[in-house]
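Student:
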Amino acid sequence: MSLRLSATPIRFDPNRAMSIPARPNLRRLPLLPLLPHSQAGLDRELSRRLFILGIGYVGRFFALHMKDQGWAVSGTCRSLVKKKQLEEEGLDVHVLDANEPELSTLDILKDYTHLLVSIPPVGGIGDPMLQHREFLKRVLRDGSLQWLCYLSSTSVYGDYGGAWVDEDYPANPSTELARLRLRAEEGWLDIGHNLGISSLVLRLGGIYGPGRSALDTIISKKPLSDSQKMRFSRHYTSRVHVDDICQALRAGIYVPSSSNIYNVVDDDPAPREEVFEYAEDLVKKRLSGWFQEDKCPDRTESTIQKVSKRDEKRVLNTRLKQELGLSLLHPSYKSGLRSIIEQMDVDSGSPYGDFLRMWNGTAGLATKHWGFFTKGDLYGHPDAIMRS
26 MSLRLSATPI RFDPNRAMSI PARPNLRRLP LLPLLPHSQA GLDRELSRRL FILGIGYVGR
86 FFALHMKDQG WAVSGTCRSL VKKKQLEEEG LDVHVLDANE PELSTLDILK DYTHLLVSIP
146 PVGGIGDPML QHREFLKRVL RDGSLQWLCY LSSTSVYGDY GGAWVDEDYP ANPSTELARL
206 RLRAEEGWLD IGHNLGISSL VLRLGGIYGP GRSALDTIIS KKPLSDSQKM RFSRHYTSRV
266 HVDDICQALR AGIYVPSSSN IYNVVDDDPA PREEVFEYAE DLVKKRLSGW FQEDKCPDRT
326 ESTIQKVSKR DEKRVLNTRL KQELGLSLLH PSYKSGLRSI IEQMDVDSGS PYGDFLRMWN
386 GTAGLATKHW GFFTKGDLYG HPDAIMRS
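Counting in the working numbering, the sequence shown runs from 26 upward without gaps.
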């Protein structure tokens with residue numbers, strides 16, 4: 026498919042959104058139309074090089090999307106197993122222990138024009154990459170870097186008693202990891218400022234998408250963990266579909282911005298209980314006759330732990346829409362969940378075919394293929410897992 030020029034806001038084609046696969050090789054994300062460019066600008070785009078520190082759930086979606094658009098994409102992961110799986114999808118991947126990185130691996134950053142950072146802070150340490158800040162500055166200063174983006178979390182806002190908050194509200198993190206994440210934001214923005222390049226922080230809500238949603242939790246029929254039960258006590262949860270995160274990243278590259286920090290969330294910070302009720306209804310309709318109430322994760326009053334409310338807030342995305350011109354593909358969890366379940370494969374030769382085999386097989390194709398991303402691309406990200 027050829028690239029198209031459009032004056033409309035960047036958004037994915039909903040008719041070609043990525044689906045949960047029935048086979049190990051996942052489909053690529055659809056192309057995004059570009060904002061207007063001169064031919065010279067288009068030529069420059071096709072030769073740009075993206076490096077992702079920490080290719081996890083979001084990083085993988087974005088890497089495959091940018092690769093499909095002609096970018097050279099490389100990045101890091103934490104194990105040889107992940108490296109092999111990502112390389113099978115055509116990505117150039119290096120194994121990197123962020124706590125004790127091989128400096129020779131970091132040295133290749135000088136060859137890239139765009140850097141996406143999605144390695145979370147470590148308790149008691151902070152951002153492990155920023156332990157090598159001076160080395161990173163030297164490498165990047167001598168290289169070709171034009172753009173830097175750090176993926177953060179809305180957890181940095183802390184508790185606002187359920188009030189709406191935007192980027193102008195003071196960050197008030199209530200946990201150690203959230204405080205370390207805020208410090209990491211400051212560290213990466215400082216590096217970008219010192220290099221004189223475009224630098225962004227995207228504060229992500231709870232990430233969901235194909236293979237990672239309330240639908241997956243219900244279909245897996247696994248009982249909720251204690252931490253999952255505790256999260257049901259929250260009144261509000263800001264979340265975002267992975268497609269819209271990729272849109273925000275693309276917009277951050279192509280749209281000149283006057284700000285450094287953007288909230289990337291949808292318009293509907295609904296409570297988890299409401300989301301799961303809607304997801305259950307979708308599963309019942311999609312898999313009529315297979316869905317069994319007694320097999321659904323138990324979320325009755327007696328199973329939900331009573332915990333003190335903390336970090337209650339509703340996060341606004343006004344700046345994202347106004348400054349980056351973004352039109353959300355999934356402004357609500359309802360649209361996002363519908364798109365996921367509509368794309369699940371059903372084999373006409375059996376009641377639910379590959380779909381059921383994916384989730385109920387002895388080994389579990391979904392577990393084998395998605396399992397190494399069970400924490401998302403922000404490992405330990407406090408707001409990153411909507412599937413729970």
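For every residue, glycine included, the Cβ atom is placed at its ideal position computed from N, Cα and C.
Per DSSP, which one or two residues make a beta bridge with F76?
Tutor: Mapped onto the sequence shown, residue 76 falls at position 51. Its beta-bridge partners are S99, L140.
Student: Where do the N-terminal and C-terminal ends of the beta strand (DSSP E) with S178 fall, by residue?
Tutor: Taking the first residue of the sequence shown as 1, we reach residue 178 at position 153. Note, S178: beta strand (DSSP E), 172-178.
Student: Can you tell me whether V290 is helix, strand or coil according to DSSP?
Tutor: Residue numbering aside, residue 290 sits at position 265 when the sequence shown is read from its first letter. Looking at V290 - three-state DSSP - the assignment turns out to be coil, as it is neither helix nor strand.
Student: Cβ of N124 within 9 Å of Cβ of E192?
Tutor: By 1-based counting over the sequence shown, the position of residue 124 is 99. By 1-based counting over the sequence shown, the position of residue 192 is 167. Result no, Cβ atoms of N124 and E192 do not sit closer than 9 Å.
Student: Cα separation between K338 and S129?
Tutor: What you label residue 338 is simply residue 313 of the sequence shown in a count that begins at 1. What you label residue 129 is simply residue 104 of the sequence shown in a count that begins at 1. Taking the straight line from one Cα to the other gives about 42 Å.
Student: Give me the Cβ distance between A203 and G183, rounded to the nearest whole Å; I'm assuming they're in contact under 8 Å.
Tutor: Working through the sequence shown from its first residue, we reach residue 203 at position 178. Working through the sequence shown from its first residue, we reach residue 183 at position 158. So it is a contact: roughly 7 Å between Cβ atoms.
Student: Going by DSSP in three states, A259 sits in which element: helix, strand or coil?
Tutor: Residue mapping note: residue 259 aligns to position 234 of the sequence shown, counting from 1. Here residue 259 is Arg; the residue named in the question, Ala, does not match the sequence. The answer is coil: DSSP assigns R259 none of H, G, I, E or B.
Student: If you scan the stretch 156-216 from start to end, which runs of the alpha helix (DSSP H) of 4 or more residues do you find wholly inside it?
Tutor: Entirely contained in the stretch 156-216, the alpha helix (DSSP H) runs reaching 4 residues are, in chain order, 158-166.
Student: For Q110 and G186, what's the separation of their Cα atoms in angstroms?
Tutor: On the sequence shown, residue 110 is found 85 positions in, with the first residue counted as 1. On the sequence shown, residue 186 is found 161 positions in, with the first residue counted as 1. Each residue's alpha carbon lies about 43 Å from the other.
Student: With burial defined as no fewer than 16 other Cβ atoms inside 10 Å of the residue's Cβ, what is the status of G84: buried or exposed?
Tutor: By one-based count along the sequence shown, residue 84 stands at place 59. Flag for G84 reads buried.
Student: Would you check if the distance between the CB atom of S143 and the CB atom of V118 is smaller than 9 Å?
Tutor: Residue mapping note: residue 143 aligns to position 118 of the sequence shown, counting from 1. Residue mapping note: residue 118 aligns to position 93 of the sequence shown, counting from 1. Not a contact, by the Cβ cut-off of 9 Å.
Student: Is the beta carbon of L116 less than 9 Å from the beta carbon of L89?
Tutor: What you label residue 116 is simply residue 91 of the sequence shown in a count that begins at 1. What you label residue 89 is simply residue 64 of the sequence shown in a count that begins at 1. A contact, by the Cβ cut-off of 9 Å.
Student: Near W96, what residues of its chain come up, given a Cβ to Cβ distance below 6 Å and the 5 sequence neighbours on each side ignored?
Tutor: Against the sequence shown, residue 96 aligns to sequence position 71. The residues are R73, L75.
Student: Measure the beta-carbon distance from P296 to R344 and round it to whole angstroms, keeping in mind my assumption that it falls under 8 Å.
Tutor: Counting from 1 along the sequence shown, the entry for residue 296 is found at position 271. Counting from 1 along the sequence shown, the entry for residue 344 is found at position 319. In fact, because the Cβ distance is near 25 Å, the residues do not count as touching under 8 Å.
Student: So which of S238, E348, G79, G168 has the shortest CA-CA distance to R103?
Tutor: For the purposes of this step, residue 103 is taken as residue 78 along the sequence shown, with counting starting at 1. Ranking S238, E348, G79, G168 by Cα distance to R103 puts G79 first.
Student: Count the other CB atoms, across all protein chains shown, that sit within 10 Å of the CB of K108; report buried if there are 16 or more and exposed otherwise.
Tutor: Against the sequence shown, residue 108 aligns to sequence position 83. With 16 or more other Cβ atoms within 10 Å, it is buried.
Student: Going along the chain, which residues of its own chain have a beta-carbon closer than 6 Å to the beta-carbon of L141, five neighbours each way excluded?
Tutor: Your numbering for residue 141 matches position 116 in the sequence shown. Only I77, C174 meet the Cβ criterion.
Student: In terms of DSSP beta bridges, what is D117 paired with?
Tutor: Here residue 117 refers to the residue found at position 92 of the sequence shown. In the DSSP output, where bridge partners are listed per residue, D117 has S99.
Student: If I measure Cβ to Cβ from L274 and keep anything under 6 Å in the same chain, skipping five residues before and after, which residues do I get?
Tutor: By one-based count along the sequence shown, residue 274 stands at place 249. Only F87 meet the Cβ criterion.
Student: Could you pull the start and end residues of the alpha helix (DSSP H) that H90 belongs to?
Tutor: The residue labelled residue 90 in the question sits at position 65 within the sequence shown. Segment 82-93, the alpha helix (DSSP H) holding H90.
Student: T138: which of K246, G212, S169, S180 sits nearest, CA to CA?
Tutor: Reading the sequence shown from its first residue, position 113 is the one you call residue 138. Closest option to T138, Cα to Cα, is S169.
Student: Of the choices D136, P146, P356, whose alpha-carbon is the least far from that of D122?
Tutor: Along the sequence shown, read from residue 1 onward, the residue named residue 122 stands at position 97. Of the candidates D136, P146, P356, the one whose C-alpha sits nearest the C-alpha of D122 is P146.
Student: State the Cα-Cα distance for the pair T262 and G230, rounded to the nearest angstrom.
Tutor: Translated into positions along the sequence shown, residue 262 becomes position 237. Translated into positions along the sequence shown, residue 230 becomes position 205. Cα-Cα distance, rounded: 8 Å.
Student: Among residues of its own chain, excluding the 5 on either side of Q171, which ones have a beta-carbon nearer than 6 Å to its beta-carbon?
Tutor: One-based indexing of the sequence shown puts residue 171 at position 146. Excluding positions up to five away in sequence, the list reads T138, I222.
Student: My parser needs the beta strand (DSSP E) runs of 3 or more residues fully inside the stretch 261-286; what are they?
Tutor: Counting only runs of 3 or more, we get 264-266.
Student: Can you check whether the CB of L362 is closer than 9 Å to the CB of Y279?
Tutor: As a position in the sequence shown, residue 279 is number 254, starting the count at 1. As a position in the sequence shown, residue 362 is number 337, starting the count at 1. No, they are not a contact pair.
Student: Would you list the one or two residues that DSSP bridges to R237?
Tutor: Counted from its first residue, the sequence shown places residue 237 at position 212. Answer is G234, bridged to R237.
Student: Examine the ligand SAH and report whether any of its heavy atoms sits within less than 8 Å of the Cβ of L134.
Tutor: Judged by which ligands are present, the structure shown has none, so any question about the ligand SAH falls away.
Student: Considering Cα atoms alone, identify which of T179, L214, W189 is closest to S199.
Tutor: As a first step, residue 199 must be located in the sequence shown, where it is residue number 174. Ranking the options by Cα distance to S199, first place goes to T179.
Student: K247 to I365, Cα distance in whole Å?
Tutor: Indexing the sequence shown from 1 puts residue 247 at position 222. Indexing the sequence shown from 1 puts residue 365 at position 340. Spanning the two alpha carbons is a distance of roughly 19 Å.
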